[in-house]
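At position 43 of the sequence shown the residue is numbered 43 (UniProt numbering), and the sequence of numbers has no breaks.
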Amino acid sequence: MMTQADFKPLLKHGKVFVLDVRNKNEFEDGHIPWAKHIPLKELAHRLHELPTDKPVITVCGKGGGRSAEAAAMIPGADWLEGGTEAYFGQ
(Lines of atoms letter the chains of each structure in order from A and count residues from 1; the text may use other names and numbers.)
(Lines give C-alpha, C1' and ligand atoms only; values in the text may rest on other atoms or scores of the structure.)
Protein backbone atom coordinates (compact mmCIF):
# COMPACT_ATOMS: atom_id res chain seq x y z
CA MET A 1 0.00 0.00 0.00
CA MET A 2 1.25 3.46 -0.93
CA THR A 3 0.31 6.45 1.18
CA GLN A 4 -1.11 9.65 -0.26
CA ALA A 5 1.96 11.54 1.00
CA ASP A 6 4.31 9.25 -0.94
CA PHE A 7 2.06 9.13 -4.00
CA LYS A 8 1.44 12.81 -4.75
CA PRO A 9 5.09 13.81 -5.42
CA LEU A 10 5.57 10.76 -7.65
CA LEU A 11 2.44 11.64 -9.63
CA LYS A 12 3.50 15.27 -9.93
CA HIS A 13 6.83 14.26 -11.47
CA GLY A 14 5.36 11.55 -13.73
CA LYS A 15 7.16 8.73 -11.97
CA VAL A 16 4.13 6.44 -11.61
CA PHE A 17 1.39 5.08 -13.85
CA VAL A 18 -2.03 5.42 -12.23
CA LEU A 19 -4.59 2.72 -12.98
CA ASP A 20 -8.17 3.42 -11.91
CA VAL A 21 -10.09 0.13 -11.60
CA ARG A 22 -13.51 1.53 -10.66
CA ASN A 23 -16.55 1.18 -12.89
CA LYS A 24 -17.22 3.63 -15.74
CA ASN A 25 -19.70 5.82 -13.84
CA GLU A 26 -17.37 6.19 -10.86
CA PHE A 27 -14.47 7.12 -13.12
CA GLU A 28 -16.53 9.68 -15.04
CA ASP A 29 -17.65 11.29 -11.77
CA GLY A 30 -14.03 12.23 -11.07
CA HIS A 31 -10.59 10.69 -11.22
CA ILE A 32 -6.95 11.38 -10.45
CA PRO A 33 -5.23 13.33 -13.25
CA TRP A 34 -3.59 11.18 -15.91
CA ALA A 35 -5.22 8.00 -14.60
CA LYS A 36 -5.90 5.21 -17.09
CA HIS A 37 -9.28 3.60 -16.66
CA ILE A 38 -9.57 -0.16 -16.84
CA PRO A 39 -12.42 -1.61 -14.76
CA LEU A 40 -11.32 -4.43 -12.47
CA LYS A 41 -13.54 -6.95 -14.28
CA GLU A 42 -11.64 -6.23 -17.55
CA LEU A 43 -8.13 -6.04 -16.13
CA ALA A 44 -7.06 -9.66 -16.64
CA HIS A 45 -7.67 -9.29 -20.38
CA ARG A 46 -6.06 -5.86 -20.68
CA LEU A 47 -2.80 -6.25 -18.78
CA HIS A 48 -0.92 -5.71 -22.05
CA GLU A 49 -2.03 -2.04 -21.93
CA LEU A 50 0.06 -1.34 -18.84
CA PRO A 51 3.58 0.09 -19.04
CA THR A 52 6.60 -1.82 -17.90
CA ASP A 53 8.90 1.20 -17.54
CA LYS A 54 7.38 2.74 -14.40
CA PRO A 55 5.58 1.54 -11.26
CA VAL A 56 1.84 0.95 -11.52
CA ILE A 57 -0.31 2.31 -8.70
CA THR A 58 -3.89 1.05 -8.67
CA VAL A 59 -6.75 3.12 -7.26
CA CYS A 60 -10.42 2.65 -6.53
CA GLY A 61 -12.87 4.69 -4.50
CA LYS A 62 -12.10 4.54 -0.82
CA GLY A 63 -11.84 1.13 0.82
CA GLY A 64 -9.02 -0.26 -1.30
CA GLY A 65 -10.56 -3.66 -1.94
CA ARG A 66 -10.65 -3.40 -5.72
CA SER A 67 -7.31 -1.64 -6.02
CA ALA A 68 -5.61 -4.20 -3.77
CA GLU A 69 -7.07 -7.01 -5.87
CA ALA A 70 -5.86 -5.29 -9.06
CA ALA A 71 -2.37 -4.72 -7.65
CA ALA A 72 -2.12 -8.42 -6.86
CA MET A 73 -2.65 -9.16 -10.57
CA ILE A 74 0.18 -6.86 -11.71
CA PRO A 75 3.80 -7.77 -10.92
CA GLY A 76 5.42 -5.01 -8.87
CA ALA A 77 2.24 -2.91 -8.57
CA ASP A 78 1.02 -1.20 -5.43
CA TRP A 79 -2.34 0.29 -4.43
CA LEU A 80 -3.17 3.74 -3.12
CA GLU A 81 -4.31 4.14 0.47
CA GLY A 82 -7.68 5.91 0.62
CA GLY A 83 -8.10 5.88 -3.16
CA THR A 84 -9.56 8.75 -5.12
CA GLU A 85 -11.65 10.00 -2.21
CA ALA A 86 -8.56 10.59 -0.08
CA TYR A 87 -6.71 12.10 -3.04
CA PHE A 88 -9.42 14.73 -3.41
CA GLY A 89 -9.77 15.16 0.36
CA GLN A 90 -13.25 13.70 0.66
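The C-beta atom is built at its ideal place from N, Cα and C for all residues, glycine as well. As the structure is a computational prediction, the values presented were derived from the model and not from experiment.
Exposure label - residue i; buried when at least 16 CB within 10 Å
| i | result |
| --- | --- |
| L43 | buried |
| L40 | buried |
| L47 | exposed |
| W34 | exposed |
| M2 | buried |
Residue j beta carbon less than 7 Å from that of residue i
| i | j | result |
| --- | --- | --- |
| D20 | V56 | no |
| K62 | G83 | yes |
| I32 | V16 | no |
Beta-bridge pairing of residue i - partner residues as DSSP gives them
| i | result |
| --- | --- |
| T58 | L19 and W79 |
| M2 | L80 |
| K24 | BP columns for K24 are empty, so no partner. |
| H31 | DSSP, once it has assigned bridges, lists no residue as partnering H31. |
Which of helix, strand or coil DSSP assigns to residue i
| i | result |
| --- | --- |
| H13 | coil |
| H45 | helix |
| M73 | helix |
Nearest to residue i (by Cα), restricted to the options the options
| i | options | result |
| --- | --- | --- |
| A71 | I38, Y87 and G89 | I38 |
| P51 | A5, G64, N25 and P75 | P75 |
| R66 | G30, N23 and H45 | N23 |
| Q90 | D6, G30 and K12 | G30 |
| E85 | E49, L10 and G64 | G64 |
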